[in-house]
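In the working numbering, the protein residues as written are 937 to 1116. Even glycine gets a Cβ: it sits at the ideal position worked out from N, Cα and C. Here is the structure we will look at.
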Amino acid sequence: MAKIQIKPKRPIYPTPAALITSVDETGNPNIITLGEVFNISIINPVIIGIAIRKATYSHSLISKTREFVVNMPTVDIIDKVMVCGEVSGRRVDKFEKTGLTPLPAVRVSPPLIAECSINLECKVLGIQEIGDHDLFLGEVLVQHVEEEILDKNRKINFRKLNGFAFNLGEFWTFGERILT
């Protein structure tokens, strides 16, 4: 099959859609929608990366507090995920605007989002400047998972998770398992 060259734009896809929570110095929370969330180290320690545009409010908050929570949303709240990506937390309380429920975290200041099935409390280990984004490396201190999405071996059942991925401006649900 013939191939052509195209201009690179988000060349690795799909990526998971995530809601990242952060707080200002007085504890006021914010939420940003991201598609740039990925595993860096999966065992010891568990480290994830999130890439955030430098101009965003969340970037400034996480840079100062060096903490964030990755919240994995479900299809049920996709309209709220869209709102969190369209308005700035500088002017709008996104929890109030969306009706999402903040829950206290165990080890960090930013809240968990109750409506998300998975929440990862993270502390920033490092920040790498890369183009118009900065890469925040976060050590996962605590992972919260709704028991209902686990299988009998206590692994996440992606069908029960009801999550979705981001792909060049579109959201997609996960397909069928093809190999075990």
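| query | Near L1048, which residues of its chain fall below 8 Å by C-beta distance, leaving aside the five closest residues on each side in sequence? | reply | Only T957, V1005, N1007, P1038, L1039, P1040, A1041, N1055, E1057 and H1080 meet the Cβ criterion.
| Run of the alpha helix (DSSP H) containing R1095, from where it starts to where it stops | F1094 to L1097
| query | Just the Cα atoms here: how many angstroms apart are V1028 and V982? | reply | 33 Å
| field | Beta carbon of V1060 nearer than 8 Å to that of R1002 | value | For V1060 and R1002, yes; Cβs fall inside 8 Å.
| query | Whole alpha helix (DSSP H) runs in the stretch 1010–1056 with 4 or more residues, listed along the chain? | reply | 1014–1022 and 1030–1034
| Given S1053 as reference, the closest of Q941, E1082, E1075 and E1112 once Cα atoms are compared | E1082
| Alpha-carbon spacing of I895 relative to M1018, whole angstroms | With the chain represented from 937 up to 1116, any question about residue 895 goes unanswered, as that position is not in the structure.
| query | Per DSSP, which one or two residues make a beta bridge with A954? | reply | L970
| CA nearest to the CA of L1071, picked from P965, P952, I998 and L955 | I998
| task | My understanding is that I984 touches G1074, with C-beta atoms under 8 Å, so please give their C-beta distance in whole angstroms. | result | 5 Å
| task | In the DSSP assignment, find the beta strand (DSSP E) that holds T1109 and state where it starts and stops. | result | E1106 to T1109
| field | Under 8 Å between C-beta atoms of N966 and G1021 | value | no
| Own chain partners of S1045 with C-beta closer than 6 Å, once the 5 adjacent residues on each side are dropped | V959 and E1003
| query | Quick one: is P1009 buried, meaning 16 or more other Cβ sit within 10 Å of its Cβ, or exposed? | reply | buried
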